[in-house]
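Written out below as structure tokens is the structure these notes cover.
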Amino acid sequence: MNWIFAATFSLAISGDLLPPQPDEVLRLPDSVISELDSRVIDRSRLSDKRLDLLVEYMFADDGLDFSYIVGPTRNPAGTYAAGEGNCLSFTLLFLALADQVGINAAPREVRVPLNWRRDGSALFESGHVNVLVRTEARRAVVDFEPDPDLSRRLSLKQRSNRISRERVLAHFYNNRAAELLGEGKPGLARLWSEHAVTLDPDFTAALNNRGVIEARLGEHDRALTFYRRALAIDTDNRSALFNMHELFRRTGQRQRADEALDRLEALRSSDPYVHWALARNLERLGEFKRAEKLYLRAIRMKDDDPLFHTGLAQVALALGDHERAERALSQAIALSRDQPNQEIRWNEQLLFLKARLPGV
């Protein structure tokens with residue numbers, strides 16, 4: 035792999051650097067452009083053939099030889115320099131490469147079960163993006179989700195919407211802002227977030243995350259403004275509602291905090307993990323009765339996930355209901371044994387609970 039331009043094009047690798055301008059994000063190193071000429075463009079005039087050559091070039095040992103990692107999010111030049119990237123990093127890189135070789139490629143936002151990432155007392159909402167490619171011979175979806183079964187499901191047409199280049203760039207800036215905030219750099223995160231909300235003022239995930247950043251910087255009124263902007267676009271935005279509740283709670287506005295929480299509890303969703311995620315955060319806030327209600331709701335929707343029963347056991351124990359806690363813990367342990375990956379993930383938590391409930 036060619037590493038010559040690693041120093042020059044390291045713009046998105048270091049979290050200490052300022053965000054690039056939007057027109058710089060998809061810029062490719064000259065060495066990659068030269069290789070694309072010889073590896074793709076000069077070998078075929080057909081976009082269908084170029085698509086196959088491009089994918090081969092990205093992952094072949096004698097090409098770019100990229101590998102998948104969970105994070106951080108990088109621009110195409112940064113992904114090239116590092117030789118690895120997450121889903122969004124690869125998506126941006128593919129878009130830049132496709133543009134260079136003349137392939138018709140459009141980013142798509144994919145509807146997936148709500149994925150909340152908790153940082154301190156705030157919730158970040160993340161989504162998924164892939165690419166729709168049209169050639170003279172076929173319609174293809176390029177998706178960099180590493181799980182092949184999930185990737186196939188995410189490629190279904192009914193799960194996605196085409197989005198603008200501005201929107202996909204907003205995803206890039208929003209992801210980096212969330213990552214930087216997680217690293218304890220709220221001031222730098224704000225600079226990245228500003229690009230996200232400017233590129234797409236209706237991007238609710240970016241508005242919510244900007245509210246979290248402002249709250250972390252002590253700008254409570256500004257945080258509330260961004261949460262309300264998100265809710266004006268999506269009245270059922272759970273992340274914004276939860277973060278608004280937490281902001282009111284931390285600033286002593288108990289009535290307004292309860293009103294926000296009531297709105298959250300009233301929301302209905304067919305996704306049990308929505309209720310589980312909210313229950314976990316209510317549990318951390320000491321709202322055990324409300325958390326219990328949501329854990330039970332998740333279990334009614336999907337009773338074979340040990341995560342839900344573990345959560346129920348924890349809040350039941352906190353409420354002093356040892357009998358229910360023991361039943362829930364026994365069920366969690368039984369289900370965990372049937373799911374080896376879950377057993378590894380939750381073994382420490384289950385052991386902790388079991389030590390407090392010797393009857394299990």
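In terms of this note's numbering, the sequence shown opens at residue 35 and continues consecutively.
Positions of the beta carbon are idealized from the N, C-alpha and C atoms, including for glycine.
Once DSSP output is grouped into helix, strand and coil, what is the label at residue i?
i, result
"N109", "coil"
"L251", "coil"
"S304", "coil"
"L22", "The structure shown does not extend to residue 22, since the chain spans only 35 to 394, so no value can be given for it."
"N271", "coil"
"N277", "helix"
"P340", "helix"
"S101", "strand"
"G354", "coil"
"P220", "helix"
"P54", "coil"
"A139", "strand"
"R120", "Looking at the sequence shown, residue 120 is not Arg but Asn. In the structure shown, N120 sits in coil (DSSP, three-state: anything other than H, G, I, E or B)."
"S198", "coil"
"R61", "coil"
"R288", "helix"
Ordered along the chain, which non-local residues of its own chain (more than five positions away) have a Cβ less than 8 Å from that of residue i?
i, result
"R201", "P141, E143, L233, D234, F237"
"A130", "L60, R61, L62, P110"
Taking the continuous alpha helix (DSSP H) assigned at residue i, which residues delimit it?
i, result
"S68", "64–73"
"R331", "322–335"
"R84", "81–93"
Kindly list the residues whose CB is nearer than 7 Å to the CB of residue i, restricted to its own chain and excluding five residues on each side of it in sequence; keep chain order.
i, result
"L52", "L225"
"I103", "E118, G119, N120"
How many whole angstroms separate the CB atoms of residue i and residue j, which I take to be in contact at a CB cut-off of 8 Å?
i, j, result
"A311", "G345", "No, A311 and G345 are not in contact; Cβ-Cβ is about 10 Å, not under 8 Å."
"G117", "D133", "Not quite, the Cβ-Cβ distance comes to about 21 Å (not below 8 Å), so this is no contact."
"R196", "L215", "At roughly 29 Å, the Cβ-Cβ gap does not stay under 8 Å, so R196 and L215 are not in contact."
"E213", "C121", "At roughly 13 Å, the Cβ-Cβ gap does not stay under 8 Å, so E213 and C121 are not in contact."
"R250", "P220", "4 Å"
"T169", "S227", "Actually they are not in contact, since the Cβ atoms of T169 and S227 sit about 36 Å apart, beyond 8 Å."
Between which two residues does the beta strand (DSSP E) carrying residue i extend?
i, result
"A174", "173–176"
"R77", "Element bounds for R77: n/a, residue is neither H nor E."
With a threshold of 6 Å on Cβ separation, who are the neighbours of residue i within its own chain once the five nearest residues in sequence on each side are excluded?
i, result
"L353", "F322"
"L275", "A294, R297, L298"
"D57", "none"
"R283", "A291"
"M335", "P306"
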